[in-house]
Every structure is written in structure tokens, then in C-alpha cells.
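The sequence shown lines up with residues -15 to -1, 1 to 494 when you count with mature numbering (1 follows the signal peptide of the UniProt record, and there is no 0).
Single-structure report; data block below.
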Amino acid sequence: MLAAALCFQPMTALAGPAGDSSLTSSSSNAGPGGGSGSSNSGSTGSSGGSTSVSNGSVSAVTSGLGVYRVTENEGIGAIARGVDVSYWQQNVNWSQVASDNVQFAMLATRFRGNVDPFFAMNAANASQAGLRLGAYIYSYATSVEMAQQEADFVLNLIKDYPISFPVVFDAEDANTLGTLTQSQVSDVINAFCKRIQDAGYYPMVYANEYWIANKIDMSKISYDIWVAKYQQKYTYSKTSMWQASNTGSVKGVNGNVDIDYLYKDYTQIIPGNTWRTIAGNRYYYQNHVMQKAAWINDGQNWYYMNAAGNPSTGWLELSGKKYYLEADGHMITGWKTLDGGWRYFDASGEQATGWRAVDGSWYFMADNGLMQTGWLETGGKKYYLNASGAMQAGWQNLGGSWYYFDGSGAMTTGWQAVGGKWYYMNESGVMRTGWLDLGGKKYYLDASGAMYAGITFEMDGNTWQAAADGSCTVVLPEENAAGNGGSTDGQTPITGSQSPVQPSGPAGV
């Protein structure tokens, strides 16, 4: 390698508010925006069929390895062939490289203290040609702190590219790293590799067999080793990758190029779908590609990654829909007390407005998303929502008056048949009791509001006959002389030979 520098109580299921266009029932999570976005199947590696996933100018091919065709060095036992390139190879035709039995590329990140000017072009073009990508830095570190700085340099560069192979510390510079003791060299290597690993990448160490035997305390190294050994096969027993030549030749590269052989299938080890944390910022990679301006599902929750690739937090409005993302970025669903009151977020994460059916109860959210309580007038009808926001149905005593709400939750007025009895609600919805004059007829409603029908009763010093339709007429004394045995309390229906009948309901109802 060349040197490079509210507790809601469910109620009986209701028919729901009738005729309201905002009526919605909660459903299973189809994902934000009706299911758009990326999802994680939960697999760790990404092998099998070939699927290209892109974001901007980069893409990753998620096909597996194991199709390497041995055309030289018979018997090396490798599972794939690759190249490592830097500034010195200049412009590379990666399509031709890919056609020449090359499946991965290890890319230099630094040249003479700055970013390798060919890194971005190599990363974009090699990935588009279908090659797996790794990265390396030729280290000049002489301390743990310098090694960490080099790791940060690499991470900041590679984060925008589909790195699906190891990120490598190149240990070979005699004038810097080589001046340290074996133990110190190992400490420097470990500092770099730990920083890479903590960020979510897979670290590796590059060294020749002399350095492995004499310059590095290998008892302190637990990372994979990329061994350089030319002209003859390596002897180091724990080799994961072998740099077999620095004078190789492949199509698409002018001049010499390093040839590498792989012995460990990183497609089964390095996850394509994963979180990474770089310089304090979190990113999500889908098939090794950083996701930007997109919904993603990490197998547990939905997140929206902004244009910089970081999880959005707080309120988010997209295509006219509002979502809320917690401090860690995950999208919330269900009930949430937020900005002055309770709000409900559908299974898709969208903030609900209008009617929603949740756990057997109906709730109404205003246009600003706040759950409503108390009296509600919408769609030309009146409803009552209790303190938990649940729509009420049936009989309700509110402010000392009785109201009746039908199966749709709408407040009723006029005559209502409930439980085999007739009741009358005035125009304000309040249940009437006592005498009622209506349509030229008199009705009597007892203390419970039930209409008298098919009985004779005494009231206000008179004997009254309540017909089957509830209309009441005075019974003249001679009509009552037959001796039906009148009531003595002036209010109770007369008993005796005249039996109550099933009320037919008020006339015209």
C-alpha cells in the first residue's frame, strides 16, 4: 500500500357520529404517509440477490459474495478479489474494474494531510458499478489523541458514502508510528479502532508481517487483520484479508494496483441497515446508504431523517400532515399530552383532527389537534364529551338536567322512545316532566320523564284518561262512576279493571 497523506375508560361500542366527514377509526400502522419510507427487515447482513439502493450520487449493491472466480494463485482459498486505490491511481474506470473479477475496493481517505482528491469520485463510481467499499487511512499518529483525530477525520469523510466493508488503520509508517514501542503502537491502533467501532463501523488493522511480528503487541489487538505479503502467501494465522501484490493489473486502472483477497464474508457481518453516531450526530443507513429527507423504520420505530441525515425532532409538517417526533427522533402514535392538551396521533403518525374511534370510544379533535371536552357542536348536531374526551351516549345528567344522546352520540330533541317508554326533550335537549301541551294535545310525563299512556289517573283534582298515544283527556264524573277505584294521592294511575296498555307513541311521531 502506498503512503498517503389522561387515563381513558373504554365504553360500549357505538355506531359513531353520523354523517360527519371527519369520522375516522384507528387502524394498524401502515407507516407515515400511507407506508412510504424505508423499513428494516431486521436482518444483520445483506446478502442474496442484487439490489441497488441509492441516495443522491451514491448507491450500494447488496448482493452477496462467494462468486469469486479463481484465475490466478490457484488454491488461495479466497472468497472474493478486490483492489485498494488512492491518489496514485488517478482516474479509474470502475465499470471495467468490476468486469475484471473484482468485487470490492478499499479506498484511501487522505493524501498529504488532506482528503484524497479522488476519494469522492472513487466512492461514487465504484458503488454505482456494484463494488463493495471499504476505507483506510495511512496513519502518522504517535499518540492516542492523534489516532482519535485520524478516526474523526475518516468518519467525517466516509459517512456520506456506502461503506459496507471495514474501515482500516494502516500501520506501516516507520518515521512516526514506527518510533513507538510495541505496546504504544497497539494503544494507538486500539484508540483508532475503538472510535471507528463506537461510531457504528467495522474496524480493521493493516500491517505487513514484519510489523505484526516486531512492531505491534498483537496480544492487545482484537480486531481483524489485513496482511500485506507479496510474492508468496502470508503466514499470519488470523488473516481476514490479504494484500498479495502491489504491482497487480486490472482492467480500468492505469498502471500498477494493489490486489487483495478476502477470507471473511463481511456481507454476513456488517449490517446494511444500522444507526451510526458521528461527531455527536445520529444517522441511519439503509443498505449502507445514509438516508436523507426520508422516513425510515429501524425495526422498532419510525423516524424522519432530515436533509442532513439526522433524525428530526419535535413537530414536523409534511404534505399538509403534522407529526410529532420525540427527543430521540422516534415518531409517536396514540395519545400524547402536548402544547396545552391531549392530542391523538393515528397509526400512521399523523396528528388527528375531527372524530376518532379509539378503544371503543369516540373522541373529537379540533383543527389544531386538541382533544375536545364538554359540549361540542359540529355537523349541525350537538354532542357531549366527558372529562376524558369520550363521546357520551344514552341518558346523561348534565348540570342537573337530563339529556338523551342517541347511538351516534347526537343530542336528541322532541319525542324519543327509550326502553319501551316515550320521553320528550325540549329544543335545548332537556328532558321534560309534568304536563306538556303540544300540537293541541296534553300529555303527562312522570318524574322520570316517561309519558303516561293507556291508563286513568288523577291529577290536580281531576280524573284523566291517557290514551295509548299518550294524549290526555278529563274523565267526567259520570264516566268514572263505574267504580274503578280512584287514587287518593291525586297523581297515581287508577288501578282496577282498567289495565295499562303498550303505548303506541305520541300522534305524528
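Just so you know, even glycine gets a beta-carbon here, dropped at the ideal spot from N, CA and C.
These figures come from a predicted structure and were not determined experimentally.
Each residue's CA atom was taken as its position, placing residue 456 and residue 325 some 52 Å apart. Annotation: residue 387 to residue 372 spans about 18 Å, alpha carbon to alpha carbon. In this structure, the CA atom of residue 298 is about 25 Å from the CA atom of residue 186.
For residue 265, the closest alpha carbon among the candidates 295, 114 and 195 is that of 295.
Non-local beta-carbon contacts of residue 140 in its own chain, meaning distances under 6 Å to residues more than five positions away in sequence, involve 184 and 263 in chain order.
Judged by pairs of C-beta atoms under 8 Å, the region 332 to 342 touches the region 350 to 359, as three or more such pairs exist. Under the three-state reduction of DSSP output, residue 109 falls in the helix class. DSSP, read as helix, strand or coil, puts residue 17 in helix. In this structure, DSSP gives residue 405 a state outside helix and strand, which the three-state scheme calls coil. Taken through DSSP and simplified to helix, strand or coil, residue 430 comes out as strand.
In the displayed model, residue 270 falls within a strand according to three-state DSSP. Distance from the Cα of residue 285 is smallest, within the candidate group 317, 307 and 273, for 317. Sequence-distant partners of residue 426 (beyond 5 residues in either direction) whose C-beta falls short of 6 Å from its own C-beta, in its chain, are 456. For residue 205, the three-state secondary structure derived from DSSP is helix. If you draw a 10 Å sphere on the C-beta of residue 195, you find fewer than 16 other C-beta atoms in it, and that means exposed. Rounded to whole angstroms, the separation of the alpha carbons of residue 251 and residue 304 is 40 Å.
DSSP places residue 61 outside both helix and strand once states are collapsed to three, so it counts as coil.
Taking a C-beta distance under 8 Å as the contact criterion, residue 211 and residue 230 do not qualify as a contact pair.
Apart from sequence neighbours up to five positions away, the residues of its chain that approach residue 202 with a beta-carbon distance below 6 Å are 167, 168 and 171, ordered along the chain. Contact annotation: residue 145 and residue 275 have beta-carbon atoms nearer than 8 Å. The continuous beta strand (DSSP E) containing residue 443 extends over residues 440 to 444.
Nearest C-alpha to residue 248 among 209, 281 and 260: 209. Put simply, of 398, 234, 346 and 342 the residue whose alpha carbon is nearest the alpha carbon of residue 367 is 398.
By the 16-neighbour rule on beta-carbons within 10 angstroms, residue 449 is buried.
About 7 Å separates the CB atoms of residue 103 and residue 75; that is less than 8 Å, so the two are in contact. Within the same chain, 79, 80 and 83 come within 6 Å of residue 114 by CB-CB distance, once the 5 residues on both sides are set aside. For the pair residue 153 and residue 119, the CB atoms are nearer than the 8 Å cut-off. Around the Cβ of residue 422, a 10 Å sphere holds fewer than 16 other Cβ atoms; the residue is exposed. A Cβ-Cβ separation of about 16 Å leaves residue 375 out of contact with residue 391 under the 8 Å criterion. Residue 441 and residue 431 have their alpha carbons spaced roughly 14 Å apart. Bounds of any beta strand (DSSP E) do not take in residue 77, whose DSSP letter is neither H nor E.
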